[in-house]
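First up is the structure itself, then whatever we jot down about it.
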Amino acid sequence: GLKAEEKDEL
Amino acid sequence: MNIFRLAGDVCHLVAIIILLLKIWRSRSCAGISGKSQVLFAIVFTTRYLDLFTVFISPYNTIMKVVFLALSYATVYLIYMRFRNTFNSENDSFRLEFLLVPVIGLSFLENYAFTPLEILWTFSIFLESVAIMPQLFMITKTGEAESITTHYLFFLGLYRALYIANWVWRYHTEGFFDQIAVVSGVVQTIFYIDFFYLYVTKVLRGRGKMTLP
Chain W
1 GLKAEEKDEL
Chain S
1 MNIFRLAGDV CHLVAIIILL LKIWRSRSCA GISGKSQVLF AIVFTTRYLD LFTVFISPYN
61 TIMKVVFLAL SYATVYLIYM RFRNTFNSEN DSFRLEFLLV PVIGLSFLEN YAFTPLEILW
121 TFSIFLESVA IMPQLFMITK TGEAESITTH YLFFLGLYRA LYIANWVWRY HTEGFFDQIA
181 VVSGVVQTIF YIDFFYLYVT KVLRGRGKMT LP
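Going down the list, the protein sequences come from chains W and S.
According to my numbering, the first sequence is numbered sequentially starting from 1.
According to my numbering, the second sequence is numbered sequentially starting from 1.
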C-alpha cells in the first residue's frame with residue numbers, strides 16, 4: 001500500500 | 001515530478017480556466033453540465049483534505065488551493081450568478097447512479113480503512129466518472145459549443161498525460177499506485193470517444209460539434 005507522504009499527485 | 005505530470009497538471013488548469021472564462025465572458029452556462037462541475041468540486045474537496053495535514057511542496061499546496069478555488073468559482077457561477085441561463089432539464093444525469101457505486105467501491109477497495117484514505121479513494125473513483133453528466137448532456141442535446149469541446153479536450157489530455165506519468169514513474173522509480181492507475185485508465189477511456197468526435201468535427205473547422 002501507499003503511505004500518505006507518497007501521495008504527491010494532484 | 002516529471003514533465004508528463006507537470007504538463008498534465010497544466011492541461012488540467014487550462015481546462016478549468018477555459019470553462020470558467022467561457023462562462024464568465026459569455027455570462028451564460030448553456031451547454032455546461034452543472035452536475036459535472038459539482039462532482040469535480042467534490043473530487044477536489046475530498047482529495048485535498050490533506051492540505052492542512054501533509055506539506056509536500058509549495059507547488060502541490062498552491063495547485064490544490066487553485067483547483068479548489070476555481071472549481072468552486074465555476075459551481076458558483078453556474079448555480080448562483082448565471083443560474084437563469086442554466087438549462088437544468090438537459091442536465092438530467094442521475095448522480096445517484098454514480099455516487100452509490102463509487103461510495104461502495106471506496107469502502108471495499110482502498111489502501112487503509114481510515115477516513116482520509118477512504119475519502120481519497122472516493123475522490124479517485126469519483127473523478128473517473130465525474131465527466132459523465134457533461135458527456136451525457138452533449139449526447140442528449142446532440143451538440144457542444146466549440147469552447148466546451150476545447151475544455152473536454154484539455155481535460156482528456158490531462159488524463160492521458162497522467163497515464164504517461166505513471167508509466168514513466170513505474171520505469172524510473174518503480175512507483176505504482178494501483179487505485180489511481182486503474183481509475184485513471186477508466187476515466188481516459190471515456191474521453192477516447194470524445195477525442196474522435198473532437199478531431200473529426202471540431203478541428204475540421206465546423207465550430208460546433210454536432211453528433212451524428
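Virtual Cβ for every residue (Gly too), placed ideally from N, Cα, C.
Here the C-alpha atom of residue 98 of chain S lies approximately 22 angstroms from the C-alpha atom of residue 86 of chain S.
The beta carbon of residue 82 of chain S lies closer than 8 angstroms to those of 23, 27, 28, 29 in the same chain, with the five residues before and after it left out. By the beta-carbon neighbour count (other beta carbons within 10 angstroms, threshold 16), residue 114 of chain S is exposed. Excluding residues up to 5 positions away in sequence, 150, 151 lie with their Cβ nearer than 6 angstroms to the Cβ of residue 18 of chain S in the same chain.
Around the Cβ of residue 193 of chain S, a 10 Å sphere holds fewer than 16 other Cβ atoms; the residue is exposed. As summarised for the stretch 79-114 of chain S, the continuous alpha helix (DSSP H) elements at least 4 residues long and confined to that stretch are 96-108, given in chain order.
Judged by DSSP in its simplified three-state form, residue 143 of chain S adopts strand. Here the stretch 163-172 of chain S does not lie against the stretch 107-127 of chain S, with fewer than 3 beta-carbon pairs under 8 angstroms apart. Nearest to residue 139 of chain S by alpha-carbon distance, out of S:51, S:210, S:127, S:41, is S:210.
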